[in-house]
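Structure record follows, encoded as structure tokens.
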Amino acid sequence: MVVVERDASGRIADRSPKDVSVRTRVHEYGGGAWVVHGKTLYYSELSSQRIFRLDAGADPVPITPAPKAGTALRYADGAVTPDGKLLISVRETHGAGGDVVNDIVAVPTDGKTRPKSLLAGADFYSFPRINLKGDRLLWTRWFHPQMPWDGTELWVADLDPSGLIDNARRIAGGLDESIFQPEFGPDGDVYFVSDRSGWWNIFVERDGQPQNLLPMDAEFGGPQWVFGLTRYAFLDAFRLACVYTEGGQDRAAVLDVRAGSLEPMELPYTAFDGIASDREGRIAVIGASPAGVPELTLVGPHSAEGDVVRQSFNLNVSSAYMSTPEHVAFQGFEGRTSYAFFYAPANPEYEAEPDSRPPLLVLAHGGPTASANTGLNLGIQFWTSRGFAVVDVNYGGSTGYGREYRDRLRGQWGTMDTEDCIQAARYLARTGRVDGDRIVIRGKSASGLTALSALLGSDVFAAGASYYGVIDIERLFADTHKFEARYCDTLIGPYPEMKDLYRERSPISHADDLARPVIVLQGLEDTVVPPSQAELLVDVLRRKKIPFAYLTFEEEGHGFRQASSIRRALEAELYFYSRILDFEPAEVLTPITIENL
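Each number in this note's numbering corresponds to the 1-based position in the sequence shown with 507 added.
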């Protein structure tokens, strides 16, 4: 992970040092690993987790102490005071006994004295933000068993030059209100995103009261899995450039805070990953479309044409090979409406036999508090270009459809998500869009549980794939990290009071009912869903003599990042399905070992 700088002349160069990876491990998922103040870059270095200061033309200097062991001191989501003397940051301290403590600290940017703890006592903190004068501080906090999309609190306090805080007060939030991306406006007012209306809308505090700038059935916020997320940015004192999700699709617009009006920005993107502004009328966005790669673009607020700074990669593939997603609604769990994106096969070099229907790959996203979007997903296009239809299911509990939809999964993980995936497959087979006898399902991480539960609970699927999937919920949450240690209190119920339900929802408890072939893929450095989970499943498959393949990846953790791993996994999965569904792939694939076939 490299920090790259584009200067005023348009010259692009790596700013972080060669052979240094800029990444933080706070909450394990990281984010918010670097911040710039003037010409100075501050970044968290992956191997030590120390913060380094890098001035233009100088060598990097550590400004946080070396931990006593490994990566015991971690930092994220920093903000620098206007005078440049302090970096206010979230810190995560890992004790020798396994205890983890989170707080907000003031780090002297000269590195001459140790960081000073400013705020402690909550289980988690995020979004420390400083006003333009440098005398006020914002932050959010929350406590177990809440996750940040369940309930957070927004606080503000006075900040003196030494880093001490005073007169702290809570602005908004609580057990049933999620706060996202608080910011000080140019006029000093406090802006933030809240779901108190049932949707993540943008608010401002005026006269001590939160005011919804534009009530809409749309999501201007998102699930805070990582630090540093942005969904709006100030163009000036009266206008915000923002992105929001409506009807499953992201849109960009300019919000006039005085008139409470929204003016669309006609950008060619349907999915956004971040937005920033120079506060002089120009914004930067990372956007993607179904056939367009994610790209960093500079654009004026009223223009559809922008200056593309960098694309994620060069896509030397004709759009004719790209399948365009269709947003579909279907009757899911308990007859309630659920949503998905359907991708039909697309390859101009091939034509299906008359009256034939394609096989279907059902995808369940991870999280489970997350969502599928319509940005280019080459992992999906891999399948559609090879004759598969794909349905990417936003099962009940997914984000992007309001608080009520997100809360559907409370107490229902392993049932609602599973049933929605089953019903999505049945809906597409019933309407004649896919071959009902050739349906497979894949899940990653939390959705590995979804996929395996679907294989156990229905006769819809011919096979499945589990990428670092959850097999034993009880064991997982005995082993997992602090951030998700109490996640299942909401998804299932409090533990150990409801341990019987944990066992009931775990696929391992119903192993004797498993009868469909499965391919299992696992990173050996995974600390979120450790390899022991995959090995439980493999033991069952081997004992029951069910066809299966087991692939491990030595240098991968939770989520495969290396190109070689991603390619190997996709091709292995395709080879596995070709043997199970009995078809001949158009390309030559490296065979994998399939036991019991």
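C-beta atoms are modelled at their ideal positions from N, C-alpha and C, and glycine is treated no differently.
Remember, it's a predicted structure, so these values are computed and weren't measured experimentally.
Spatial neighbours of residue i in its chain, beta-carbon cut-off 8 Å, leaving aside the 5 residues before and after
| i | result |
| --- | --- |
| A586 | V542, L594, I595, S596, P635, R636, I637 |
| F1083 | A970, A972, P1024, I1026, A1056, I1099, I1101 |
| G591 | H544, G545, T547, T616 |
| G457 | There is no way to answer for residue 457, as the model of the chain reaches only from 508 to 1104. |
N-terminal and C-terminal residue of the alpha helix (DSSP H) that residue i is part of
| i | result |
| --- | --- |
| A936 | 923-937 |
| D914 | 910-914 |
| Y994 | 994-998 |
| K1006 | 1006-1012 |
| E981 | 980-986 |
| L720 | No alpha helix (DSSP H) contains L720, which DSSP labels as neither H nor E. |
| A1041 | 1038-1050 |
Residue nearest to residue i in terms of C-alpha spacing, selected from the options
| i | options | result |
| --- | --- | --- |
| G681 | Q888, D702, I1087, D694 | D702 |
| Q756 | A1070, E726, I611 | E726 |
| I558 | A576, C749, R581, K546 | R581 |
| S905 | F779, M508, D927 | D927 |
| G692 | D683, A740, Q731, M508 | A740 |
| Q1029 | K1052, D1046, D1020, Y975 | Y975 |
| N884 | G874, Y698, V897 | V897 |
| D683 | V697, A748, W707 | W707 |
| G839 | A932, P797, D521 | A932 |
| T797 | P730, N880, E841, G807 | Residue 797 is actually Pro in this sequence, not Thr. Selected option, being the one with the closest Cα: N880. |
| V1036 | E535, M508, D521 | E535 |
| W732 | D694, F687, Y912 | F687 |
| D606 | I929, L822, H988, E1080 | H988 |
| V697 | D942, L644, D566, P668 | L644 |
| A515 | L742, D630, D814, I1087 | D814 |
| Q1040 | D584, G715, D986 | D986 |
| M654 | P1038, F990, A1079, R910 | F990 |
| V750 | S1085, F734, P771 | P771 |
| L639 | T620, E690, I946 | E690 |
| V947 | P1092, S1085, T804, G807 | S1085 |
| T891 | V816, V967, A851, I1053 | A851 |
Neighbourhood of residue i by C-beta distance below 6 Å, restricted to the same chain and skipping five residues each side
| i | result |
| --- | --- |
| A836 | T844, Y846 |
| R598 | Y582, D610, V612 |
| F849 | E833, V835, V898 |
| G882 | A778, A795 |
| V700 | F687, Q688, W707, I709, F727, G728 |
| I519 | R513 |
| L553 | S528, R530 |
| T876 | W656, P730 |
Element boundaries [beta strand (DSSP E), containing residue i]
| i | result |
| --- | --- |
| T647 | 643-649 |
| K951 | 946-951 |
| L1088 | Element bounds for L1088: not the beta strand (DSSP E) but the alpha helix (DSSP H), 1070-1088. |
| V597 | 593-601 |
| I887 | Not the beta strand (DSSP E): I887 falls in the alpha helix (DSSP H), residues 885-891. |
| Q756 | 756-763 |
| V869 | 867-871 |
| Q454 | What is shown of the chain runs 508 to 1104, which leaves residue 454 out entirely. |
Exposure of residue i, with buried meaning 16 or more beta-carbon neighbours within 10 Å
| i | result |
| --- | --- |
| H834 | exposed |
| T1059 | exposed |
| D862 | exposed |
| L1104 | exposed |
| P855 | exposed |
| E802 | buried |
| Y857 | exposed |
| R677 | exposed |
| S878 | buried |
| F820 | exposed |
| E787 | exposed |
| E1032 | exposed |
Closer than 9 Å to chain C by CB, residue i
| i | result |
| --- | --- |
| R1068 | Absent here is chain C; the protein component of the structure consists of one chain. |
Close-in-space but distant-in-sequence residues of the same chain around residue i (CB under 7 Å, 5 per side omitted)
| i | result |
| --- | --- |
| G628 | none |
| V614 | I558, I570, T571, L593, L594, S596, P622 |
| R915 | G903, G904, M923 |
| P1014 | L956, L959, S960, L963, I978 |
| V568 | F559, R560, G618 |
| D657 | S685, T997 |
| L822 | V800 |
| G943 | A936 |
| D665 | D642, R643, I672, D673, N674 |
beta-carbon residue i near the ligand ZN non-hydrogen atom, thresh 8 Å
| i | result |
| --- | --- |
| V806 | Annotation note on the ligand ZN: not contained in the displayed structure, which lists no ligands. |
Are at least three pairs of beta-carbons, each pair with one atom in the segment 866-874 and one in the segment 948-961, less than 8 Å apart? Counting Cβ pairs under 8 Å, three or more are found: they touch.
Is it a yes or a no for the segment 996-1012 touching the segment 1060-1074, going by three-plus beta-carbon pairs under 8 Å? Put simply, the segment 996-1012 does not touch the segment 1060-1074. Fewer than three CB pairs are less than 8 Å apart.
With a threshold of 8 Å, are at least 3 pairs of Cβ atoms found where one atom belongs to the segment 979-988 and the other to the segment 1067-1085? The segment 979-988 makes no contact with the segment 1067-1085: fewer than 3 CB pairs, one atom from each, lie closer than 8 Å.
Hey, is the segment 716-724 in contact with the segment 643-654, meaning 3+ C-beta pairs nearer than 8 Å? Not touching, per the Cβ criterion.
Does the segment 1008-1023 touch the segment 1041-1049, meaning 3 or more C-beta pairs lie closer than 8 Å? Result yes; three or more Cβ-Cβ pairs closer than 8 Å.
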